[in-house]
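As you go down the protein sequences, you meet chains A and B in turn. Each residue of the first sequence is one higher than the one before, counting from 859 in the working numbering. Each residue of the second sequence is one higher than the one before, counting from 41 in the working numbering. Every residue, glycine too, gets a C-beta built ideally from N, C-alpha and C. Structure first, then comments.
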Amino acid sequence: MITQTKGEAMRKTIGLWALVAALVGLPVVVADTPAHAKMDRKFKVGFVYVGPKEDYGYNYEHDRGRKLVESTFKNIEVMTAENIPETAEVERVMEQMIQRGATLLFPTSYGYLDPAFNVGKRHPDVVLMHAGGFKHSANVGTYWYYIYNPMYLSGLAAGKATKKNVIGFVAAHPIPQTLQNINALTYGARSVNPAVTTHVIYTGEWCNPGKGAEAANTLIDLGADVLSQHQDCPRPVVETAAKRGVFSVGYHSADLQQFNPKGWLTGAAWNWGKLYVQITRDVMDRKADRWVNKHTRGGIESGFVDLAPFGSAVPKDVQQMVQAKRKEIVDGKYVVFQGPLKDNKGKVLLKDGDKPTFDFIEKMNWYVEGVVGEVPR
Amino acid sequence: MLAMLQSVLGGGIRAGTPILYATLGEVISERAGVVNLGVEGAILVGACAGFITTAHTQSPMLGIAAAALAGGLAGLVHAFMVVTLRSNQIASGLALMFLCLGVTSFVGRPYVAVKINAVPQASVPGLSRLPLVGTLLFTHDVLVYGAYLLAPLIWLLLFHTKWGLALRAVGERPAVAYASGLPTSLIQYGAVVSGGVLSGIAGAHLSLAYARSWVEGMSNGRGFIAVALVIFATWHPLRSVVGAVVFGAVFALQLQIQARGVALSPYFLDMTPYLLTLVGLLLMGRARRHAMPEGLKAVFEGVT
Chain A
859 MITQTKGEAM
869 RKTIGLWALV
879 AALVGLPVVV
889 ADTPAHAKMD
899 RKFKVGFVYV
909 GPKEDYGYNY
919 EHDRGRKLVE
929 STFKNIEVMT
939 AENIPETAEV
949 ERVMEQMIQR
959 GATLLFPTSY
969 GYLDPAFNVG
979 KRHPDVVLMH
989 AGGFKHSANV
999 GTYWYYIYNP
1009 MYLSGLAAGK
1019 ATKKNVIGFV
1029 AAHPIPQTLQ
1039 NINALTYGAR
1049 SVNPAVTTHV
1059 IYTGEWCNPG
1069 KGAEAANTLI
1079 DLGADVLSQH
1089 QDCPRPVVET
1099 AAKRGVFSVG
1109 YHSADLQQFN
1119 PKGWLTGAAW
1129 NWGKLYVQIT
1139 RDVMDRKADR
1149 WVNKHTRGGI
1159 ESGFVDLAPF
1169 GSAVPKDVQQ
1179 MVQAKRKEIV
1189 DGKYVVFQGP
1199 LKDNKGKVLL
1209 KDGDKPTFDF
1219 IEKMNWYVEG
1229 VVGEVPR
Chain B
41 MLAMLQSVLG
51 GGIRAGTPIL
61 YATLGEVISE
71 RAGVVNLGVE
81 GAILVGACAG
91 FITTAHTQSP
101 MLGIAAAALA
111 GGLAGLVHAF
121 MVVTLRSNQI
131 ASGLALMFLC
141 LGVTSFVGRP
151 YVAVKINAVP
161 QASVPGLSRL
171 PLVGTLLFTH
181 DVLVYGAYLL
191 APLIWLLLFH
201 TKWGLALRAV
211 GERPAVAYAS
221 GLPTSLIQYG
231 AVVSGGVLSG
241 IAGAHLSLAY
251 ARSWVEGMSN
261 GRGFIAVALV
271 IFATWHPLRS
281 VVGAVVFGAV
291 FALQLQIQAR
301 GVALSPYFLD
311 MTPYLLTLVG
321 LLLMGRARRH
331 AMPEGLKAVF
341 EGVT
């Protein structure tokens, strides 16, 4: 289902405000840039989500970004589509948005890359920005911000908080982005507490609330007293942690804190809004080449991904230690996964002082020392 | 090893509870000669209605009541279709399932982000302190205990009361039951609606106690597992308990195996509870075919 926002009604409202502003004597800014101020028609953007907008997870955060785009630009029409599976269905949805005039699309789920590519081939005049992935073309670009950076920092807090030295991680699929998070969290925790081990359960689905809850229970039974996760509907895992009285490291959204207020440590959270505004503005100004035909990546320094606020369960000195490390990362003095780095079979991956490369991060298919088990093939 | 066993069994009870409610409901319905493939849908309306009600009233108990009511309504729709209108049971059940999926996705949308008071955990005084089994069996939410009590209750009702005899008679030979003066339609209505009520409660357990959130399609196929488990349990309420707990335990076991770092694909492990169901059906289904209520043959074999 595609819902339209800021349609005809908005045009009327703008007119009304222009009148009011003229009466009060304020300058009227209808559009942000002269380029499209001349245009009669609105600039149309489409966002496609794999799950519900209110999942307090991945989709919730992208949609928070969408809201900022919508409130920043006056002459804009934003379309959204949620619960779209990573199949031919998403191609159909994107085509529909283009038919309705969208010239910039954000297919936000990992499995939308090939469909986005196909749509891009058919519509060279439309810009498609895909979250993550390895392919780009003249009108398709990818963007991803290394949320494993705040995951590493959360690991520092988790390593200090755990009493049983066991972290439980509920994941959806064994993809590089997820492995980055599992590894960063473990690496961080072990840097302050070398006794920590991490146990992982894959649910095999981006969102299966019952399974997420049972996976959380299983990990707690196994001794985990800190739970983290990487799946799209994170609530059941956080609520199970609260129910059983263990700590939570959040993922995707800082707003998850309310579901385990007592056990909340911190977490990794997105802040897509500024990025989406920047991309939208550039595409409006016909500067899409800043984004297409390339992979855009960044870390905490970008401001698009950061550490969630600390919970009261984290002592002040630990908070200061984590903040100090955060500053080192922002200043470029420390790189997460910099050597020495070993996988969990003892193989040396990076020598002392070596920095990870793009491919090393993006094609991650191993567990760092401390994670129990093997990456499923 | 013991800890692992306890964890798996505990998980089996937790994960098995919603499946048990739905299976018991379907046992009642099928014993009266009506197959309801819409169980999945009734679970969803229960989960959704229960969640919405709890969100507005802050009372999980009212939520459970609403879930039961909504599930009962879904059952009523199916009963009207198949008992009154005599439409195909399979088609009506499937249509009901898709209808419920659509309706709950739409109605439940604004509630995905809502936080609720979950069904409270309640340890049974005394019993929960038993060695070995105490925490395993008696530190759950009230809906889990409800399921324990319901299974023998339904068994008593079905097999040791006049009411149950009448219901089973309708399921075996509706024409004979009718000729002997039983209100067959009324009994079937009652059975299908009761089945819906229990499926609704299954949904309430999912959204109010287990996952404590509402997401569209959150039943994730549990309703269909319940339909399969009815056959596995040979239409018997007490064997349903075994079926549901075994299914739940295998579900929990595959998570346990993963958490312990055994190098098996999670996608393969994912299949194991369903594989087990199939194997169970193969073994039990053949051995006890006669257990199927005669009236159901009309549904599956087109005999009228």
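Kindly indicate the opening and closing residues of the alpha helix (DSSP H) around B/Leu45. Leu42 to Arg71
With 16 other CB atoms within 10 Å as the buried threshold, where does A/Glu935 fall? buried
Quick one: which chain A residues come within Cβ less than 7 Å of B/Tyr250? Gly1068 and Ala1071
CA-CA distance, B/Ala273 and B/Leu316? 13 Å
Within 8 Å (strictly less), CB to CB, does B/Gln161 reach chain A? yes
Inter-residue spacing [alpha-carbon to alpha-carbon] between B/Leu134 and A/Tyr1134: 42 Å
First and last residue of the uninterrupted beta strand (DSSP E) at A/Ser967: Neither: A/Ser967 is in no beta strand (DSSP E) and is coded neither H nor E.
Go ahead and label A/Val998 buried or exposed: buried means 16 or more other beta carbons lie within 10 angstroms of its beta carbon, across all protein chains shown. buried
Suppose the cutoff is 8 Å on Cβ atoms and the five residues either side in sequence are ignored; what does the same chain contact list for B/Ile104 look like? Gly90, Val159, Leu183, Ile241, Ala244 and Leu248
Over the uninterrupted alpha helix (DSSP H) stretch that includes A/Arg1102, give me the two end residues. Arg1093 to Arg1102
Considering only DSSP beta bridges, list what B/Ala106 is partnered with. According to DSSP, which records beta bridges pairwise, B/Ala106 is partnered with nothing at all.
Nearest to B/Val79 by CA position, among B/Leu49, B/Tyr61, B/Val285 and B/Met332, is which residue? B/Tyr61
What first and last residue would you give for the alpha helix (DSSP H) that runs through A/Met1179? Lys1174 to Val1188
Mind checking the stretch 100-115 of chain B against chain A and listing, in chain order, the residues whose C-beta falls within less than 9 Å of any C-beta there? none
So, does the CB of A/Gln1116 fall closer than 8 Å to a CB anywhere in chain B? yes
Quick one: is A/Tyr914 near chain B, going by C-beta distance under 8 Å? yes
Chain-order list of residues whose beta-carbon lies under 6 Å from that of A/Val1141 (same chain, five-residue window excluded): Leu962 and Val985
A/His988 versus A/Lys1152: straight-line alpha-carbon distance, rounded: 11 Å
A/His1057: buried (16+ other C-beta within 10 angstroms of its C-beta) or exposed? buried
Could you check whether A/Gly915 and A/Ser1111 sit closer than 8 Å to each other, using their CB atoms as the reference points? yes
Does DSSP put A/Met1222 in a helix, in a strand, or in coil? coil
Under the three-state reduction of DSSP, which class applies to A/Lys979: helix, strand or coil? helix
How many whole angstroms separate the CB atoms of A/Glu953 and A/Val927, which I take to be in contact at a CB cut-off of 8 Å? That pair is no contact at about 21 Å.
Excluding five sequence neighbours on each side, which residues of the same chain lie with their C-beta closer than 7 Å to the C-beta of A/Gly1013? Ala1042, Leu1043, Thr1044, Tyr1045, Gly1046 and Ala1047
Residues of the stretch 1076-1089 of chain A with a CB closer than 7 Å to any CB of chain B: list them in chain order, please. Thr1076, Leu1077, Asp1079 and Leu1080
Using 8 Å as the limit for Cβ to Cβ distance, is A/Ile1059 near chain B? yes
Using a Cβ-Cβ cut-off of less than 8 Å, give me the residues of the stretch 282-307 of chain B that come near chain A, in sequence order. Phe291, Ala292, Leu295, Gln296, Gln298, Ala299, Arg300, Gly301, Val302, Ala303, Leu304, Ser305, Pro306 and Tyr307
Check the C-beta distance from B/Gly115 over to B/Val233 and give it rounded, since I have them as a contact under 8 Å. 4 Å
Determine which residues share a DSSP beta bridge with A/His1153 and list them. A/Thr1000
In terms of residues, what are the limits of the alpha helix (DSSP H) holding B/Leu134? Gln129 to Gly148
Give the interface partners of B/Ala55 over in chain A, defined as CB-CB distance under 8 Å, in chain order. Gly1068 and Glu1072
Closest Cβ-Cβ distance between B/Ile244 and chain A: below 8 Å? For the record, residue 244 of chain B in the displayed sequence is Ala; it is not Ile. B/Ala244 does not count as touching chain A.
Which two residues bound the contiguous beta strand (DSSP E) that contains A/Leu1085? Val1084 to His1088
Proximal residues to A/His894 (C-beta, below 7 Å), its chain only, five neighbours per side dropped: Any reading at A/His894 needs caution, since the residue's pLDDT is 44, under 50, leaving its predicted position unreliable; the model's value is listed next. Excluding sequence neighbours, A/His894 sits near Phe901, Asn933 and Met1142.
Are the CB atoms of B/Gly288 and B/Ile59 within a distance shorter than 8 Å? yes
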